[in-house]
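Shown next, in structure tokens, is the structure this report addresses.
Protein chains: 2
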Amino acid sequence: MLSQTAEYALRAVVTLATGRPDPRTAQDIAVESRVPLDYLSKVLNSLARAGIVSGQRGRGGGFQSVRPPAELTVLQVVNAVDPIQRIRTCPLGLKQHGEHLCPLHRKLDDAMLGVEEAFGATTIESLVGKSFCEGSRCDVAA
Amino acid sequence: MLSQTAEYALRAVVTLATGRPDPRTAQDIAVESRVPLDYLSKVLNSLARAGIVSGQRGRGGGFQSVRPPAELTVLQVVNAVDPIQRIRTCPLGLKQHGEHLCPLHRKLDDAMLGVEEAFGATTIESLVGKSFCEGSRCDVAA
DNA sequence: ATTTAACTGGATAAATTTATCCAGATATCG
DNA sequence: CGATATCTGGATAAATTTATCCAGTTAAAT
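Top line first, the protein sequences correspond to chains A and B.
Going by the numbering used here, the first sequence opens with residue 1, and the numbers climb by one from there.
Going by the numbering used here, the second sequence opens with residue 1, and the numbers climb by one from there.
Quick look at the structure:
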């Protein structure tokens, strides 16, 4: 339902919001969020281009969140790498007229809207506690 | 967000629920729902294996909905071809413990749950009026 | 029986997404 | 300045999804 890329982007952003605010290296983020490093690089790049994170090169460099986690939503992150696709026009080849969709696509778009709203209402800050199950019950018996 | 395959399956089922209950040929459904015929064949096949439609071969054959549209939901159709993926275990490689997800995945799964519920509550019957925008405002100026 | 209509399903190709490799640019440290 | 760490980004490969082709089977009509 959500692309792998979006999942990775969210993990990266949550990782950045967790712990120290120093620039974190892509390598570091990759390990903590269990994302293949080279792929993560691309994702971080997209996030940087979208103005969500900033990357600093050279020794001591890394990535930082541009805005505080309380001001960043899941929706913004997802949309930066793999936008939620609302259904705005009839997906059939038909010439359509504005916002009026048939019942099927109206329903499907309503579902998308629901997701969009849920994501828009969720800040990254609200996701930082025990970010990736470490220590929580999700990680017992490791 | 929803795969093309699921979209096609829904169009097919809605088409079947619309108009005459005679078996409708795949060709016929393909035209009406604007889905490439050969791909639609596969999709109808999946739906048949899932017990949602039944296909009859030979002259005069075609596809029929097995159950009445009032007893078939969007969720059932979607799950037949491309199941909604709930997040049941931590997507990171971590050994996890049962139903406890970290905040991020808890939120993401909540969104999936919302979609699942919305789809589960929507019958195909409720989607049949002016199924594909024909005649409705969605199709003006064609 | 023959013809014709229609589903079934295997093989394959095109497109997209995901993943990997690695050279180049840039910044810091000594 | 030289060495090292790190992001940037192009090229390419692997995997998955979507699409196409077409031969085979089944059933009805004549």
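We treat Cβ as the ideally placed atom computed from N, Cα and C, and that holds for glycine.
Item, Value
"Whose C-alpha, out of 87/A, 92/A, 124/A, 55/A, is nearest the C-alpha of residue 110/A?", "87/A"
"Please list, in chain order, all residues of the same chain as residue 127/B whose beta carbon is under 6 Å from its beta carbon, the five residues on each side excluded.", "14"
"What's the gap between the Cα of residue 33/B and the Cα of residue 60/A?", "57 Å"
"Tell me the DSSP secondary structure of residue 35/B in three-state form.", "coil"
"Could you please tell me which residues of the stretch 23 to 35 of chain A, in chain order, have their CB closer than 8 Å to any CB of chain B?", "33, 34"
"Contact criterion: CB-CB distance below 9 Å. Does residue 11/B meet it with respect to chain A?", "yes"
"Would a check of beta-carbon distances place residue 84/B closer than 9 Å to chain A?", "yes"
"Can you tell me where the beta strand (DSSP E) holding residue 62/B begins and where it ends?", "62 to 65"
"So, helix, strand or coil for residue 55/B, using DSSP?", "strand"
"Taking only the alpha-carbon atoms, compute the straight-line gap between residue 122/B and residue 21/A and give it to the nearest angstrom.", "46 Å"
"Kindly give me the distance between the Cβ atoms of residue 37/B and residue 63/B, rounded to whole angstroms, as I take these residues to be in contact under 8 Å.", "Between residue 63/B and residue 37/B the Cβ distance is about 13 Å, and since that is not below 8 Å, they are no contact."
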